[in-house]
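Residue numbers for the sequence shown follow full-length UniProt numbering, so the first one is 1 and each next one is one higher. See below for the structure under consideration.
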Amino acid sequence: MKFKVWIKNYTSLTIGGGSEGKADISISDLVIPPSSIKGAMRTAINFYLKETDLKNKYSSCYEIRPDKIKERHSNGKPCDVCKLFGYPDSKDIGCFTINVVTDVEKLPKYVLTRVSIEDKTQKAKEGALFSQETIPPENEIEIEIDFRCDDNHMLKLLLYSLSALRLWRLGRNSLIDLKVEDICQKVNNCDNEMREIFNSLKDYMW
Ligand SMILES: [Zn+2]
Numbered sequence: 001m002k003f004k005v006w007i008k009n010y011t012s013l014t015i016g017g018g019s020e021g022k023a024d025i026s027i028s029d030l031v032i033p034p035s036s037i038k039g040a041m042r043t044a045i046n047f048y049l050k051e052t053d054l055k056n057k058y059s060s061c062y063e064i065r066p067d068k069i070k071e072r073h074s075n076g077k078p079c080d081v082c083k084l085f086g087y088p089d090s091k092d093i094g095c096f097t098i099n100v101v102t103d104v105e106k107l108p109k110y111v112l113t114r115v116s117i118e119d120k121t122q123k124a125k126e127g128a129l130f131s132q133e134t135i136p137p138e139n140e141i142e143i144e145i146d147f148r149c150d151d152n153h154m155l156k157l158l159l160y161s162l163s164a165l166r167l168w169r170l171g172r173n174s175l176i177d178l179k180v181e182d183i184c185q186k187v188n189n190c191d192n193e194m195r196e197i198f199n200s201l202k203d204y205m206w
């Protein structure tokens, strides 16, 4: 089952592209990798579960590093979050894939000069100014989610993850909002809870 999600950025958006070295980063590196969006959703839902009663409905190992996840699920029984997002050595890659529909190359962009910060000292590296192309605020990116698990419990967790992403950050601290195509009619047994989540996601929040 496929559905659309629109992401709008409220601050400049820079995802993808490395920050190593002094080389300037061009728009060709500024692809928006689906893995970055997935990663941000995973971080957001873990944060959300910790803070809300939703943790009574969904389990999470709260691990991010593949080796740690592997360790935690060595019994072969992944937590709900890992089931949805995928985990190391699983036969498939979770319950969904993301496809970026918008041609990011065609979005307006500007060049931002940044300073490389040394991880150890948290100080600017010497001569570490570099420029990077960035998408200015108020642009919309359309993505398509292909949900493959025939499991409403998991679909709800996916929607909660999108909800949590609204309150989180994408890429280099970009403030974003998003809305989701209402596919309640297409879902078997779209119950009240699911209806409510779709309602809360049908328009931008801000
Ligand atoms: Zn897990």
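The beta carbon of each residue, even a glycine, is placed where N, CA and C say it ideally should be.
Considering residue i, what are the terminal residues of the alpha helix (DSSP H) in which it resides?
i: L159; result: N152 to R166
i: I176; result: It is not in any alpha helix (DSSP H) - I176 instead sits in the beta strand (DSSP E) that spans S174 to V180.
Which residues in the same chain as residue i place their Cβ atom closer than 8 Å to its Cβ, once the five residues preceding and following it in sequence are excluded?
i: R42; result: I64, V81, F85 and S161
i: P34; result: T97, I98, N99, V100 and I143
i: V5; result: E142, I143, E144, I145, L162, L178, K179, V180 and E181
With a threshold of 6 Å on Cβ separation, who are the neighbours of residue i within its own chain once the five nearest residues in sequence on each side are excluded?
i: I176; result: I7, N9 and L170
i: L107; result: I135 and N139
i: K22; result: The predicted model places K22 with a pLDDT of 38, which falls under 50 and marks its position as unreliable, so this point remains unresolved.
i: T11; result: P137, S174 and L175
i: M154; result: L84 and C95
Under DSSP, the beta strand (DSSP E) around residue i begins and ends at which residues?
i: K77; result: Looking at the DSSP string, K77 is not in any beta strand (DSSP E), and its letter there is neither H nor E.
i: L13; result: Taken as a continuous stretch (DSSP letters only), L13 belongs to no beta strand (DSSP E), as it is neither H nor E.
If I measure Cβ to Cβ from residue i and keep anything under 7 Å in the same chain, skipping five residues before and after, which residues do I get?
i: K156; result: E193, M194 and I197
i: P66; result: P88
i: N46; result: S60, Y62 and V81
i: K68; result: none
Using the Cα positions of residue i and residue j, report the straight-line distance between them to the nearest angstrom.
i: V115; j: Q132; result: 10 Å
i: K2; j: I37; result: 17 Å
i: S60; j: K50; result: 9 Å
i: Y62; j: N152; result: 22 Å
i: V104; j: D150; result: 31 Å
i: I183; j: S200; result: 13 Å
i: W206; j: N75; result: 43 Å
i: D203; j: K125; result: 42 Å
i: N188; j: Y58; result: 21 Å
What did DSSP end up calling residue i once you bin it into helix, strand or coil?
i: R65; result: coil
i: D53; result: helix
i: I197; result: helix
i: I7; result: strand
I'd like the ranges of any beta strand (DSSP E) spanning at least 3 consecutive residues and lying wholly in the segment 90-153. 96-100, 110-117, 124-134 and 140-147
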